[in-house]
Amino acid sequence: MAETGTPKTGPDDGRSPDAPDSEAPDTEASGTEAPDTPRAPSDAPKPSWGRALKATFREFLADECTDLAAGLTYYAVLASAPALLALVSLLGFVGDAEKALDSVLNTLSEFLPKDMIGIVEPLIENAVGNTGAGVALVLSLVLALWSASGYVGAFGRAMNRIYDIEEGRPIWKLRPAMFAVTLVVLIITAVVVASLVLSGPIARSVGEAIGLGEVAITVWGIAKWPVALLLVIVAVALLYHFTPNVKRPRFRWLSVGAMVAIVVTGIASAAFGWYVGSSFSNYGSYGILAAVIVLLLWLWIVNLVLLLGAELDAEVERSRELNDGLPAEERVQLPPRDTKASDKKAGKRRDAVAEARAVREAAARDADG
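Sequential numbering of the sequence shown, starting at 3, is according to the numbering used here.
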């Protein structure tokens, strides 16, 4: 989509700062102005699905979402190591640390070749064993929170590009909001991973530690899958709703875009597990390298479909607005959460352009004189 929000001026656009924006939608001609607040869901007309789908793929390419997904993959990898240490340390508190480590490694062995497990296992054992479970838990939680906050921040910037809006929230408002989202998403991710790890001996060990019987452990073995799915839905909903600088009409637990992203992620995850488990078990060091590449590819695909789902939600909303007579030819007409930071940035750009113009005009006068 074309960049909007605060108009950019300067030498690159060939216009003066005071020139009118001829490319802006003509709200007077349309007879309907963009709303200052989101419409109520009951007031929203139905979207044109064909137009929305076509625009989704067009804007997905225009916004360079493949590159944005690569950046998100970097932050996801950066946060994975401390998150794994935090999980092992946390399970060690509520159960047998040795069984917790074995269960985590057994779960990883379903997706990674044996040679890679042989590399990962001593690293985790040394990290937990040398510092103690308590210190390892605190350090890994801090590192995981810091690393994951980078991911959430990058996701918010990608969402702002998708919605064609500049980040207008000041730093004192943006950082706490992003850290709050990070904390909740990190907890959800840890619970989802723990739900996959809590099976067999480790589930019984944890169940005995907190006083659960055999029936409860059996029920957990069945219920953990829908629980994990519900938590993933919540995490995606939080990322879609709170990271961009736009006010949505309402909080949606499962939007159309989120549904597409979650389904494709599930398919990609199943394919990743099958491919790694069947292809890389007997290839030695080549298997390790191939597994790392495929793991990065899987993370990239996950982030790619998350951005695709966000594009779909944006275009569905834009289609509704067009059908409602709003001037949404170029961008979604959702109001920003805040404009203080973007207004300040625009003022600095205007000052820089004015200063550069003064230098140019002074040089022209000197040349004429």
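No residue lacks a Cβ here, since even glycine has one placed at the ideal position from N, Cα and C. Please read all numbers here as calculations on a predicted model, not as lab measurements.
### Query
If you compare alpha carbons, which of E168, A273 and L231 is closest to L256?
Closest option to L256, Cα to Cα, is L231.
Of all the options D166, A78 and G73, which has the alpha carbon lying nearest to the alpha carbon of P246? P246 has its Cα closest to that of D166, out of D166, A78 and G73.
First and last residue of the uninterrupted alpha helix (DSSP H) at R351: Start and end: K342 to D370.
Worksheet entry | Through-space distance from T191 to A150, alpha-carbon basis | Roughly 11 Å separates the two Cα atoms.
Take every Cβ of the region 257-269, pair it with every Cβ of the region 303-317, and state whether three or more of those distances are shorter than 8 Å. Yes, the region 257-269 is in contact with the region 303-317.
According to the Cβ coordinates, are K307 and V238 closer than 8 Å?
Per the sequence shown, the amino acid found at residue 307 is Val instead of Lys. The criterion of a C-beta distance shorter than 8 Å is not satisfied by V307 and V238.
Exercise. By how many angstroms is the C-alpha of L298 removed from the C-alpha of R359?
Worked result: The alpha-carbon atoms of R359 and L298 are separated by roughly 47 Å.
* Asked: Is there contact here, the region 341-351 with the region 152-172, by at least three beta-carbon pairs under 8 Å?
  -> The region 341-351, when compared against the region 152-172, does touch it at the 8 Å Cβ threshold.
### Query
Is S197 helix, strand or coil when you go by DSSP?
Assignment of S197 by DSSP, reduced to helix, strand and coil, places it in the helix class.
- Query: Skipping 5 residues on each side, what residues in its chain have a beta carbon closer than 7 Å to that of A72?
  - Reply: The residues W302, in chain order, have a CB closer than 7 Å to that of A72 in the same chain once the five nearest residues on each side in sequence are set aside.
| request: Whole angstroms is fine: what's the gap from A447's alpha carbon to V154's? | output: Nothing can be reported for residue 447, as the shown portion of the chain is limited to 3 through 371.
task = Please determine, among A156, K48 and A146, the residue with the shortest C-alpha to C-alpha distance to V186.
result = For V186, the nearest C-alpha among the options comes from A146.
8 Å contact criterion, which V248 and R339 should meet: CB distance rounded:
In this structure, V248 and R339 form a Cβ contact; the two beta carbons are roughly 7 Å apart against a cut-off of 8 Å.
Margin query: Which runs of the alpha helix (DSSP H) at least 4 residues long sit entirely within the region 288-326? Give them in chain order.
Written below: Correct list: empty.
Drop a sphere of 10 angstroms on the beta-carbon of K226, count the other beta-carbons inside from all chains shown, and report buried for 16 or more, exposed for fewer.
-> Per the 10 Å Cβ criterion, buried.
Taking DSSP as the reference, what is the three-state secondary structure of F253? F253: coil per DSSP, three-state reduction.
Locate the alpha helix (DSSP H) running through G52, then write down its first and last residues. In the DSSP assignment, G52 falls within the alpha helix (DSSP H) that extends over W51 to A64.
* **Straight-line Cα distance separating K350 from I189** => Looking at the two C-alpha atoms, the distance is approximately 39 Å.
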